[in-house]
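Undergrad: For the sequence shown, the residue numbers in full-length UniProt numbering are 1 to 259.
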Amino acid sequence: MKLAVSGKGGVGKTTFSAMLARAFAEKGLEVLAVDADPDANLGQALGFPDYQTITPVSEMKELIDERTESKNNNFGTYFKLNPNVSDLPEKLSVAHDGVRLMVMGTVKKGGGGCICPASTMLKVLMTHMVLTSQQVLILDMEAGLEHLGRGTSRGVDFLIVVVEPGRRSVDTAHTIKKLAADLGVQKILIVGNKIRGPQDEQYLRDALAGFEFLGFISHDQAIIEADMANKCPALFAKTAKEQVGRMADELLTRVAPKK
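(1) Only counting the same chain, and skipping five residues up and downstream in sequence, which positions put a Cβ closer than 7 Å to that of V162?
(2) Put G182 into one of helix, strand or coil per three-state DSSP.
(3) DSSP state of M104, grouped into three classes?
(4) Which complete alpha helix (DSSP H) runs does the region 25-77 hold, if anything under 4 residues is left out?
(5) Can you give the Cα-Cα distance for E30 and R100, rounded to whole angstroms?
(6) Give me whichever residues DSSP pairs with residue 264 in a beta bridge.
(7) Give the range of the alpha helix (DSSP H) segment to which residue 318 is assigned.
(8) Work out the CA separation of Y78 and E250 for me, nearest whole Å.
(9) Measuring straight from C-alpha to C-alpha, what distance separates G110 and E164?
(10) Starting from D200 and walking both ways along the alpha helix (DSSP H), at which residues does that stretch end?
(11) Would you identify the three-state DSSP class for K194, choosing helix, strand or coil?
(12) Measuring CB to CB, does M1 end up less than 8 Å from V244?
(13) Provide the residue(s) that pair with I160 in DSSP beta bridges, ordered along the chain.
(14) Tell me whether the region 124-138 and the region 85-100 touch, counting them as touching only if at least three CB pairs, one residue from each stretch, are closer than 8 Å.
(15) According to the Cβ coordinates, are A118 and I176 closer than 8 Å?
(16) Quick check on DSSP: helix, strand or coil for L251?
(17) Which residue wins for smallest C-alpha separation from V57, given the options A180, L189 and V34?
(18) Within the same chain, show all residues whose beta-carbon is closer than 8 Å to that of A248, passing over the 5 residues directly before and after it, in chain order.
(19) Whose CA, out of D220, S218 and L189, lies closest to the CA of G210?
(20) Roughly how many whole angstroms lie between the Cα atoms of D157 and L122?
(21) Under 8 Å by Cβ, that's how I've got L3 and I160 pegged, so tell me the actual separation to the nearest angstrom.
(22) Can the beta-carbon of A237 be found closer than 8 Å to that of A222?
(23) Return the first residue and the last residue of the beta strand (DSSP E) that L148 is part of.
(24) One question on the structure: do L32 and Q135 come within less than 8 Å of each other, judged by their Cβ atoms?
(25) With DSSP as the reference, please indicate the residues paired to D140 in a beta bridge.
(26) Secondary structure at S133, three-state DSSP: helix, strand or coil?
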């Protein structure tokens, strides 16, 4: 199963990704969680010890130079557009409590359309994981879906958009849907987060009419307290954990095993 999770910053996208990864791991499944958000904090949400010391792939200059056959990772130089990355998901990911984590990082650049060894490496690596991984793959994306390409997106089973009750969050969901359509992604599911009651749930259903909802997560003070204590939310937020667990069960029923 390959899942991409997106949403406006601050809606709880990373917390949901972490809890979903934990839910699958507790079911005995192999899980690879990929932090593809420039504001990388999936390791913290998963409760990885020393998560601050994990080096993003985008900053591994020697590895990028070696695999792309580039010189000092400079712009405007010749380099391989199809570097070998088949061994990297295992080598570059770290494991904790049944979940493997890889931090992609981002390429700092001015302007758009960056074609450089680092950005090429990230895209090729992402494509490889989406199209060949035999694990449950959870991609914690930014709202712009920067790491997904047209070819890569065809391997994603679902794009899950996390929203909270609020106009800006809803507008971002509509924007993501348009970006996803340009990439050929059709299977989009909505997760409503920080739900305080029936009114919040109904607001999202009305504002996102035409979208399919995977489920809702209640506003849970334990999530906030876990974040303040630098702990994994899944270990403290019992209600949210149960709700995400039911979503994991639902996703497993939707994705038939390959025979």
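Beta carbons: idealized from backbone N, C-alpha and C, even for Gly.
TA: The structure says:
(1) V5, G7, V11, G12, K13, F16, V191 and N193
(2) The sequence as given places Asp at residue 182; Gly does not occur at that position. Looking at D182 - three-state DSSP - the assignment turns out to be helix.
(3) Reduced to three states, the DSSP call for M104 is coil.
(4) 42-46 and 61-68
(5) Approximately 8 Å, taken between the alpha carbons.
(6) Nothing can be reported for residue 264, as the shown portion of the chain is limited to 1 through 259.
(7) Only positions 1 to 259 of the chain appear in the structure, and residue 318 is not among them; the question remains open.
(8) 47 Å
(9) The predicted position of G110 is uncertain, since its pLDDT is 43 and thus under 50; no value can be drawn from it.
(10) Taken as a continuous stretch (DSSP letters only), the alpha helix (DSSP H) holding D200 covers P198 to A207.
(11) Correct three-state label for K194: strand.
(12) no
(13) V5 and L189
(14) yes
(15) no
(16) helix
(17) Nearest option by C-alpha distance: V34.
(18) L20, A23, F24 and K27
(19) Taking each of D220, S218 and L189 in turn and checking the Cα distance to G210, the smallest one comes out for L189.
(20) 20 Å
(21) Going by Cβ atoms, the distance from L3 to I160 rounds to 6 Å, so yes, they are a contact pair.
(22) yes
(23) Segment: none, L148 is in no beta strand (DSSP E) and carries neither H nor E.
(24) Contact: yes.
(25) In the DSSP output, where bridge partners are listed per residue, D140 has V5 and D35.
(26) coil
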